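Trainee: My numbering puts the first residue of the sequence shown at 10, with every later residue one more than the last.
Here a beta-carbon is modelled for each residue, glycine too, at the ideal position from N, C-alpha and C.
Just so you know, these numbers come straight off a predicted model, no measurement behind them.
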Amino acid sequence: MVKTVQLISVEGDAFQVPLSCCHLSEVIYCELECHSDDEDEPKNETQNGTNSCLTLSLTASRIRSSALQKVTDFLIHFEEEEMIPFSPPFSTENLGEIVQKWYADFITLGVDHSLLTDIISAANFLGIQPLLKLAVLAMSININGKSPETLRPMFGISNNLNDSEQKTRVMEENEWAFEARRQFEENHNTIKNDHTGS
C-alpha cells in the first residue's frame with residue numbers, strides 16, 4: 010500500500026508528500042493509478058516497515074527544488090485547510106481578502122517573479138488547479154498597472170518587438186500571463202463601472 014509519494018526535482022532533491030495530500034494533482038493521481046496496475050516495475054517502490062514509498066521522477070518536467078518545495082507545502086496544507094474557492098470579478102487586489110492568510114502569505118512572502126513563474130509551470134505540469142489559480146492570480150496582481158518597459162525584462166522580452174517571430178514566440182510562451190492580465194483588467198473595470206453607476 011503506497012502511503013508516501015516522493016517527488017524528485019530537476020536538481021535531484023527529494024520531497025515527501027503523504028498520499029492523502031496527492032489527490033489534488035491530476036498527474037500524480039494518474040501515475041499512482043498506473044503504478045497500481047503495473048506489477049512489472051517494483052524498482053521505484055521501497056518498503057519501510059508498514060509504509061511504502063513510490064518515487065516519481067519529475068526531472069523531465071524541469072521543476073526546480075524551490076518550486077517543488079512550494080508545491081509540497083501547498084499540497085500538505087490544503088489537506089489540513091482547504092483554500093476558499095474564488096473566481097473573478099474581484100473587488101480588491103489584496104490577496105488576504107480573497108483567500109485565507111496562509112495562502113496569501115504562501116504565494117507572496119519570499120516569492121519573487123522567477124519563483125512565481127516556476128510555481129505556475131509546476132502547478133500547470135502537475136495539474137494542481139487550486140495552486141495554479143492562486144499563482145496566476147498573484148502574477149496578474151503583480152503585473153497589473155506596470156508599464157511595458159517594466160514588464161519586458163520580467164518576461165525576457167527585448168525592447169524591439171518589430172521582429173514578428175520574437176513577438177509570436179513571446180505571446181505563445183506567456184499567453185497565460187496576457188490572458189490573466191486581460192481578465193483581471195476586464196473584471197476590475199466591470200467593478201469600477203458598477204460602483205460609479207450606483
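Quick one: give me the first and last residue of the beta strand (DSSP E) that L16 is part of.
Mentor: On the sequence shown, residue 16 is found 7 positions in, with the first residue counted as 1. Per DSSP, L16 belongs to the beta strand (DSSP E) from T13 to I17.
Trainee: Sort I129, S100, P157 and L140 by Cα distance to W111 and report the nearest one.
Mentor: Translated into positions along the sequence shown, residue 111 becomes position 102. Checking every option, the nearest Cα to that of W111 belongs to L140.
Trainee: Sorted by chain position, which residues of the same chain lie with C-beta nearer than 6 angstroms to C30's C-beta, five sequence neighbours on each side aside?
Mentor: By one-based count along the sequence shown, residue 30 stands at place 21. Hits under 6 angstroms: L84, I85 and E88.
Trainee: Do G105 and L34 count as a contact pair if the criterion is CB distance below 7 angstroms?
Mentor: On the sequence shown, residue 34 is found 25 positions in, with the first residue counted as 1. On the sequence shown, residue 105 is found 96 positions in, with the first residue counted as 1. Going by the sequence as given, residue 34 is Ser instead of Leu. No, Cβ-Cβ distance for S34 and G105 is not below 7 angstroms.
Trainee: Which of helix, strand or coil does DSSP assign to Q109?
Mentor: Position 100 of the sequence shown, counted from the first residue, corresponds to residue 109. In the structure shown, Q109 sits in coil (DSSP, three-state: anything other than H, G, I, E or B).
Trainee: What residues are listed by DSSP as bridge partners for V36?
Mentor: Within the sequence shown, residue 36 is the residue found at index 27, counting from 1. Bridge partners of V36: none, in fact.
Trainee: Report the option in A23, I37, R161 and R178 whose CA atom is closest to the CA atom of H122.
Mentor: To locate residue 122, count along the sequence shown from 1; it is residue 113. Nearest of A23, I37, R161 and R178 to H122, Cα basis: R161.
Trainee: At 4 residues or longer, what runs of the alpha helix (DSSP H) sit wholly inside the stretch 138-188?
Mentor: Within the stretch 138-188, the complete alpha helix (DSSP H) runs of at least 4 residues are 138-152, 157-163 and 173-182.
Trainee: Return the bridge partner residues of F193 from the DSSP annotation.
Mentor: Within the sequence shown, the letter at position 184 stands for residue 193. For F193, which the question treats as bridged, DSSP gives no partner whatsoever.
Trainee: Considering only their Cβ atoms, is the gap separating A147 from A132 smaller than 7 angstroms?
Mentor: Along the sequence shown, read from residue 1 onward, the residue named residue 132 stands at position 123. Along the sequence shown, read from residue 1 onward, the residue named residue 147 stands at position 138. Result no, Cβ atoms of A132 and A147 do not sit closer than 7 angstroms.
Trainee: Considering only residues of the same chain and omitting the five flanking positions on each side of F95, which have a CB-CB separation below 6 angstroms?
Mentor: The residue you call residue 95 lines up with position 86 of the sequence shown. Closer than 6 angstroms at the Cβ level, and outside the excluded window around F95, lie I107.
Trainee: Could you tell me which residues DSSP pairs with F24 in its beta bridges?
Mentor: Counting from one through the sequence shown, the residue named residue 24 turns up at place 15. Answer is L16.
Trainee: Are T81 and V36 closer than 7 angstroms when you measure CB to CB?
Mentor: Locating residue 81 in the sequence shown gives position 72, counting from the first residue. Locating residue 36 in the sequence shown gives position 27, counting from the first residue. No, these two residues do not count as a Cβ contact at 7 angstroms.
Trainee: Smallest Cα separation from E40: which of Q15, L118 and M163?
Mentor: Counted from its first residue, the sequence shown places residue 40 at position 31. The candidate whose alpha carbon is nearest that of E40 is Q15.
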